[in-house]
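493 is the number that full-length UniProt numbering gives to position 493 of the sequence shown; each next residue is one higher, with no gaps.
Built from N, CA and C at the ideal position, the CB exists for glycine as well.
Comments concern the structure below.
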Amino acid sequence: MKAFGGIAKPRLFFLHPELSALTLPLKQLNPPFACQIQNVSSKRSGSVKRVQSSIAERTYRSNAVDLSTSKSPSEYLSQKRGGPRSLYARPSLQEMKNERMATRARVFEFLRSVGIVPDELDGLELPVTVEVMRERVDFLHDLGLTIEDINNYPLVLGCSVKKNMIPVLDYLGKLGVKKSTFTDFLRRYPQVLHASVVVDLAPVVKYLQGMDIKANDIPRVLERYPEVLGFKLEGTMSTSVAFLVGIGLARREIGSVLTRYPEILGMRVGRVIKPFVEYLESLGIPRLAVARLIEKRPHLLGFGLEDQVKPNVEALSEFGVRREFLASVVAQYPEIIGLELKLKLHSQQGLLKSTIDIGFDEFGRVIEKMPQVVSLSQSSVLKHASFLRNCGFSLDQLRRMVVTCPQLLALNIDIMKLSFDYFQTQMNRDLNDLVEFPAFFTYGLESTVKPRHQAVTKRGLKCSLGWLLNCSDEKFEDRMNYDFIDMEEMEMEPSFDMKTLTEARQDEWSSEDDEDSDAD
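This is the structure:
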């Protein structure tokens with residue numbers, strides 16, 4: 001029994017899967033006990049075999065499950081890093097790049113479907129969805145821009161409606177820019193939609209106001225020249241204005257000049273303004289006179305020097321204008337250097353030849369005295385020629401009168417009729433007096449002709465129309481004190497005087513007086 005009890009205790013050893021049999025030192029036992037132990041051993045051996053079989057079955061099943069659920073190392077790492085089976089999965093950089101490319105392809109496909117060519121948008125950050133891009137296209141359409149306009153500047157599609165477009169347009173509206181002009185505004189300068197109101201736009205508007213452009217004129221300036229919003233404050237804008245002041249343009253006129261022609265702010269001094277000024281000087285126009293011309297007509301700076309100004313001056317010479325009169329012609333009618341002049345000269349020369357029988361050389365004299373004749377309409381020339389012929393002048397007399405005073409072709413005919421009636425009924429002069437001095441029609445009847453005629457008649461003097469009219473009021477008063485008419489004082493026919501452009505003006509005298517008083 002002791003032996004049985006001793007054998008029964010170590011059951012745990014039988015559970016080890018590696019035990020194939022129970023081996024005990026039985027040689028010392030007596031034979032009877034050996035038989036018993038053998039019996040017990042055979043029983044226990046059966047139990048051990050059953051235990052081993054059960055353990056082996058569980059081990060096989062466990063290994064089978066592990067094999068069915070086993071993963072490759074890459075799959076395991078993918079799951080551990082947050083693979084697609086993970087609730088907290090994060091896409092890899094390559095996946096993100098592929099997704100962006102796919103999104104961009106969808107956006108490009110949408111743009112092509114509406115007619116927009118997206119080739120220039122490769123490096124531009126675009127919306128992540130087609131819906132956002134459609135919103136931008138629709139917003140631009142609502143502003144009046146067409147697909148063609150967008151294709152002319154496709155980078156506008158990089159502007160956010162809420163962050164860029166609406167703030168810029170709201171700011172322009174507050175300045176006074178008319179909504180009706182937005183379409184043309186954006187066609188000319190769509191880059192404004194990229195701008196920051198605070199950083200880019202507001203400083204330019206403040207600068208313009210500092211140039212004496214009135215606040216209520218700012219919208220007009222921006223509507224006429226929206227590109228000004230993209231200029232640097234200390235760049236072209238400041239240098240162009242400084243140069244014009246340097247050649248004699250009055251400081252107090254800067255605001256007016258820029259309001260009428262803000263394009264000056266974008267002109268480079270060395271490439272545009274200075275060459276233009278120097279060329280007019282080479283024709284014989286003093287620099288101060290050039291400044292005055294620009295002051296009155298700032299758009300002159302917009303005429304191309306090489307493709308307009310120089311060819312037109314050459315055309316004037318070809319049609320009989322003498323070199324020494326070129327400066328006078330340009331000063332009298334500055335717009336002549338910006339016209340399609342050669343065609344007009346051909347047309348007017350033929351018209352005057354057929355109507356008044358004016359020859360080639362005489363045509364040059366006509367332009368020298370009144371260059372505006374190149375812009376007269378055919379009906380005006382015919383109407384004035386008919387009136388003078390009806391007054392009794394022959395074709396030859398008419399030709400001489402027009403060559404001497406081309407203004408006859410541009411005066412108000414109703415006023416000319418009144419002057420001619422007074423000449424015939426009250427002055428009792430011969431028509432030849434008008435042939436000799438056709439400028440009679442250019443003087444005011446009530447302000448000049450009547451008072452002077454009455455004064456001469458009262459003195460009993462007989463004089464030519466030139467002596468009577470072609471002088472200032474002060475000079476005429478002096479003449480009325482003469483006992484006789486000095487023929488040496490007979491003045492030449494009126495002509496343009498360049499000094500009228502260079503004389504000091506009253507506002508300049510007052511400003512100089514103010515500076516002197518400040519210095520004292």
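With a threshold of 16 other CB atoms inside 10 Å of the CB of residue i, please say whether the residue is buried or exposed.
i, result
"Pro-334", "buried"
"Ala-102", "exposed"
"Phe-360", "exposed"
"Gly-6", "Unreliable positioning characterises Gly-6 in this predicted model, as indicated by a pLDDT of 44, which lies under 50. The coordinate reading is nonetheless provided below. Exposed: under 16 other Cβ atoms inside 10 Å."
"Ile-116", "buried"
"Ser-379", "exposed"
"Pro-262", "buried"
"Thr-259", "buried"
"Ser-447", "exposed"
"Gly-320", "buried"
"Leu-418", "exposed"
"Met-480", "exposed"
"His-346", "exposed"
"Gly-364", "buried"
"Ser-92", "exposed"
"Ala-327", "buried"
"Asn-432", "exposed"
"Arg-251", "exposed"
"Ile-367", "buried"
"Val-199", "exposed"
"Val-228", "buried"
"Thr-500", "exposed"
"Val-114", "exposed"
"Arg-136", "buried"
Can you check which of these residues, the options, is closest to residue i by C-alpha distance?
i, options, result
"Ser-240", "Phe-276, Ala-215 and Glu-477", "Phe-276"
"Ile-273", "Ile-166, Cys-405 and Leu-305", "Leu-305"
"Thr-355", "Ile-336, Val-321 and Leu-395", "Leu-395"
"Val-197", "Gly-230, Met-211, Asp-184 and Thr-183", "Gly-230"
"Phe-110", "Pro-127, Gln-94, Gly-123 and Asn-98", "Pro-127"
"Arg-287", "Phe-243, Leu-351, Ser-256 and Arg-271", "Phe-243"
"Lys-369", "Ile-413, Ala-439, Gln-397 and Phe-420", "Ala-439"
"Val-374", "Leu-124, Val-330, Thr-146 and Pro-154", "Val-330"
"Pro-371", "Ser-386, Gln-348, Asp-414 and Ser-113", "Gln-348"
"Lys-232", "Leu-143, Tyr-207, His-299 and Leu-351", "Tyr-207"
"Asn-470", "Arg-90, Phe-437 and Met-211", "Phe-437"
"Arg-322", "His-453, Glu-362 and Glu-253", "Glu-362"
"Ala-455", "Tyr-443, Leu-445, Gly-444 and Leu-468", "Leu-468"
"Leu-388", "Leu-339, Phe-441 and Lys-353", "Phe-441"
"Phe-325", "Lys-383, Ile-150 and Phe-496", "Phe-496"
"Arg-112", "Glu-99, Met-133 and Lys-353", "Met-133"
"Ala-315", "Glu-340, Glu-295 and His-453", "Glu-340"
"Asn-412", "His-384, Arg-106 and Val-403", "His-384"
"Asp-212", "Val-245, Leu-169, Lys-178 and Ser-256", "Ser-256"
"Arg-100", "Val-114, Asp-119, Glu-125 and Glu-120", "Glu-125"
"His-299", "Asp-184, Ile-336 and Val-107", "Ile-336"
"Glu-253", "Asn-152, Arg-297, Leu-283 and Glu-278", "Arg-297"
"Gly-223", "Ile-147, Ser-317 and Lys-179", "In the sequence as presented, Gly is not what sits at residue 223; that position holds Glu. The option with the nearest alpha carbon to Glu-223 is Lys-179."
"Glu-503", "Gly-248, Asp-421 and Leu-398", "Gly-248"
"Leu-143", "Glu-120, Phe-303 and Asp-170", "Asp-170"
From which residue to which residue does the alpha helix (DSSP H) around residue i run?
i, result
"Phe-476", "473-479"
"Gln-348", "341-356"
"Ile-336", "Taken as a continuous stretch (DSSP letters only), Ile-336 belongs to no alpha helix (DSSP H), as it is neither H nor E."
"Asn-151", "147-152"
"Leu-395", "395-404"
"Thr-183", "182-188"
"Lys-499", "499-502"
"Val-130", "130-142"
"Asp-200", "Note, Asp-200: premise wrong, no alpha helix (DSSP H); not H, not E."
"Val-221", "218-224"
"Ser-419", "413-425"
"Phe-387", "378-390"
"His-453", "450-459"
"Phe-360", "360-369"
"Val-168", "166-175"
"Asn-432", "431-436"
"Ala-439", "Counting along the chain, Ala-439 falls outside any alpha helix (DSSP H), and DSSP gives it neither H nor E."
"Val-313", "310-318"
"Gly-466", "465-469"
Going by the C-beta, is residue i closer than 6 Å to any heavy atom of the ligand ATP?
i, result
"Leu-408", "Annotation note on the ligand ATP: not contained in the displayed structure, which lists no ligands."
Contact between the stretch 224-238 and the stretch 282-300 (3+ Cβ pairs under 8 Å): no
In chain order, each alpha helix (DSSP H) run of at least 4 residues that lies wholly inside the stretch 227-292: Correct list: 236-247, 254-260 and 274-283.
For the stretch 472-482 and the stretch 254-271, state whether three or more C-beta atom pairs, one from each stretch, are separated by less than 8 Å. no
Three Cβ pairs or more, each shorter than 8 Å: is that satisfied between the stretch 203-219 and the stretch 158-165? no
Hey, is the stretch 179-197 in contact with the stretch 208-218, meaning 3+ C-beta pairs nearer than 8 Å? no
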